[in-house]
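Undergrad: Take this structure first; my questions come after.
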Amino acid sequence: MLKVGVLAFQGAFSEHEQALEKAFQTMNNTETDSELSLQITEVRVPSHLDGLDGLIIPGGESTTMSIFLNKNNFKQKLRSMIEGVNGRRTIVWGTCAGQILLSNTVLCQKTGSQQMIGGVDITTSRNTYGRQCESFESEISTHHEDLQQDGVSVCRGIFIRAPGVVSIDDSSVITLATIGDENTGNKRIVAVQQGNIMTTSFHPELTEDTRWHTFFLDQILKLRTTSQSCARSNENI
Ligand code: GLN
3 MLKVGVLAFQ
13 GAFSEHEQAL
23 EKAFQTMNNT
33 ETDSELSLQI
43 TEVRVPSHLD
53 GLDGLIIPGG
63 ESTTMSIFLN
73 KNNFKQKLRS
83 MIEGVNGRRT
93 IVWGTCAGQI
103 LLSNTVLCQK
113 TGSQQMIGGV
123 DITTSRNTYG
133 RQCESFESEI
143 STHHEDLQQD
153 GVSVCRGIFI
163 RAPGVVSIDD
173 SSVITLATIG
183 DENTGNKRIV
193 AVQQGNIMTT
203 SFHPELTEDT
213 RWHTFFLDQI
223 LKLRTTSQSC
233 ARSNENI
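Here it is, written out as structure tokens:
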């Protein structure tokens, strides 16, 4: 069983749930493990985080979300999921406002910087691409073979008052996707991964393309396989 939670008090959480179901169905058709099932939890209180293998923090409004998370004592549990407790780590994926919440450094036009959950060594700037009315769709180049679909590495992304990755602040952060063109100097990083955390500046849940949700579920399966083989090798010591 894959237990996935979606933070569900603001933003496009139901779209994430639908995309997860769809991605899981396509995966399950190709996986040999027919025993595998997916359980999705709408996370509204900290106890809903218990036992999750994966968590999605959707888009929304990051200030409102961080106030809600702080007021309702989510922060400590979220940090434990990110850092790992008793050897158990969770794959955490933040989209848009979720990226802002998971960034270790956040630049904010209004206050200079903001206190978030953190977890990924990137500097994120809010509303990098402009206001709501300047939201746009763009072709995205993916840079990980598991993000190719039928051999195609390009997909579309919807950017809504999207945050930008200003800098990658540790060499262990991998760039998963970019937009723009290096030759014209307007290339920008729009998705990263560092260990068990991934972020996307755009909204994959708002398109029909389920590759990002498949990638997320795959990361959970990979982490599970690694943990199981580590546990087995410890038993043998
Ligand atoms: N700009 C928003 C913020 O700062 C995020 C927008 C989104 O999640 N679509 O929180």
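Quick note: the sequence shown uses the UniProt record's numbering, first residue 3, plus one each step. Built from N, CA and C at the ideal position, the CB exists for glycine as well.
1) Looking only at its chain, what residues have a beta carbon closer than 6 Å to the beta carbon of Met200, apart from the 5 residues adjacent to it on each side?
2) What first and last residue would you give for the beta strand (DSSP E) that runs through Thr107?
3) Can we say the region 10 to 25 touches the region 49 to 65, given the rule of at least three CB pairs closer than 8 Å?
4) Assuming Leu4 is part of the beta strand (DSSP E), what are its boundary residues?
5) Suppose the cutoff is 7 Å on Cβ atoms and the five residues either side in sequence are ignored; what does the same chain contact list for His146 look like?
6) Alpha carbon to alpha carbon, how far is Phe70 from Ser39?
7) Which full runs of the beta strand (DSSP E) of 3+ residues lie inside the region 176 to 236, going along the chain?
8) Taking the beta carbon of Val156 as the centre, do at least 16 other beta carbons fall within 10 Å, making it buried, or is it exposed?
9) Cβ of Ile160 versus every heavy atom of ligand 1: is any distance shorter than 6 Å?
10) Is the beta carbon of Arg158 sitting closer than 7 Å to the one on Thr209?
11) In whole angstroms, what is the alpha-carbon distance linking Arg128 and Thr202?
12) Regarding Asn129 and ligand 3, is the C-beta to nearest heavy atom distance less than 6 Å?
13) Between the region 18 to 26 and the region 209 to 219, can you find at least three pairs of beta-carbon atoms closer than 8 Å?
14) Is the region 136 to 154 touching the region 179 to 197 in the sense that three or more CB pairs, one from each, lie closer than 8 Å?
15) Less than 7 Å between the beta carbons of Asn198 and Arg133, yes or no?
16) Rounded to the nearest angstrom, how far is the Cβ of Glu207 from that of Thr97, given a contact under 8 Å?
17) Please work out which residues of its chain come closer than 8 Å, Cβ to Cβ, to Leu219, disregarding the five sequence neighbours upstream and downstream, and give them in chain order.
18) Going by CA-CA distance only, name the one from Asn72, Val8, Gln78 that's closest to Ile42.
19) For the candidate residues Val122, Gln230, Asn74, whose alpha-carbon lies nearest to that of Ile84?
TA: Based on what the coordinates show:
1) For the purposes of this step, residue 200 is taken as residue 198 along the sequence shown, with counting starting at 1. Taken in chain order, the residues that qualify are Trp95.
2) Here residue 107 refers to the residue found at position 105 when the sequence shown is read from its first residue. Start and end: 105 to 110.
3) yes
4) On the sequence shown, residue 4 is found 2 positions in, with the first residue counted as 1. Here the beta strand (DSSP E) through Leu4 covers 4 to 9.
5) In the sequence shown, residue 146 corresponds to position 144, counting from 1. Closer than 7 Å at the Cβ level, and outside the excluded window around His146, lie Leu178.
6) What you label residue 70 is simply residue 68 of the sequence shown in a count that begins at 1. What you label residue 39 is simply residue 37 of the sequence shown in a count that begins at 1. Cα to Cα, the separation comes out at about 31 Å.
7) 176 to 181, 190 to 196, 199 to 202
8) Reading the sequence shown from its first residue, position 154 is the one you call residue 156. Label assigned to Val156: exposed.
9) What you label residue 160 is simply residue 158 of the sequence shown in a count that begins at 1. No; taking the cut-off as 6 Å, the Cβ of Ile160 has no heavy atom of ligand 1 nearer than that.
10) By one-based count along the sequence shown, residue 158 stands at place 156. By one-based count along the sequence shown, residue 209 stands at place 207. Against a cut-off of 7 Å, the Cβ pair of Thr209 and Arg158 comes out as a contact.
11) Walking along the sequence shown from the start, residue 128 turns up at place 126. Walking along the sequence shown from the start, residue 202 turns up at place 200. Arg128 and Thr202: Cα-Cα distance of roughly 13 Å.
12) Of the ligands one can find in the structure shown, namely ligand 1, none is ligand 3.
13) yes
14) yes
15) Sequence index remark: in the sequence shown, residue 198 carries index 196 (1-based). Sequence index remark: in the sequence shown, residue 133 carries index 131 (1-based). Against a cut-off of 7 Å, the Cβ pair of Arg133 and Asn198 comes out as no contact.
16) Counted from its first residue, the sequence shown places residue 207 at position 205. Counted from its first residue, the sequence shown places residue 97 at position 95. With a Cβ gap of about 7 Å, Glu207 and Thr97 count as contacting.
17) Taking the sequence shown and counting its residues from 1, one reaches residue 219 at position 217. Excluding sequence neighbours, Leu219 sits near Leu4, Val6, Leu22, Ala25, Phe26, Met29, Leu40, Gly56.
18) For this step, residue 42 is matched to residue 40 along the sequence shown. It is Val8.
19) Position 82 of the sequence shown, counted from the start, is the residue given in the question as residue 84. Residue Val122 is the option with its Cα nearest to Ile84.
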